[in-house]
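What follows is a single structure, written as structure tokens, with notes after it.
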């Protein structure tokens, strides 16, 4: 699935710090915890809580955020539609990675079991 160059550029330049509070609000509103959110983020990116805080304080863009991440090899198992895009079909790697994160946060907020979210076998 093709995304526009403008869309991809906007995703790359958006800061993680600007989106992170919305992730927290979304999951807590549905009865999940910040700790669970951090578990999901760490599974996808390899960032522990300390490193995550450093990236937030540095106002790292998603381009920097995912450049520094060690993407989980099972991330390719994340499928489905988020924000009108089928994540497995997005052709731009960075945009796909951002949507992977969005999809995991969405699954957490929807009450999915952690084993399913973390693609445990």
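Residue numbers (the working numbering): 18 to 138.
Virtual Cβ for every residue (Gly too), placed ideally from N, Cα, C.
All figures in this text were calculated on a predicted structure; none of them were measured in a lab.
With 16 or more other Cβ atoms from the protein chains shown falling within 10 Å of its own Cβ, residue 124 counts as buried. Per DSSP, residue 86 lies in no alpha helix (DSSP H) segment and is marked neither H nor E. As a beta-bridge residue in DSSP terms, residue 78 pairs with 32. The criterion of a C-beta distance shorter than 7 Å is satisfied by residue 104 and residue 116. Distances from the alpha-carbon of residue 51 to those of 62, 38, 61 and 19 put 38 closest.
Every unbroken stretch of the alpha helix (DSSP H) spanning 4 or more residues and falling wholly within the segment 104-134 is given here in chain order: 110-126 and 131-134. By the neighbour-count criterion, in which a residue is buried when 16 or more other Cβ atoms sit within 10 angstroms of its Cβ, residue 113 is buried.
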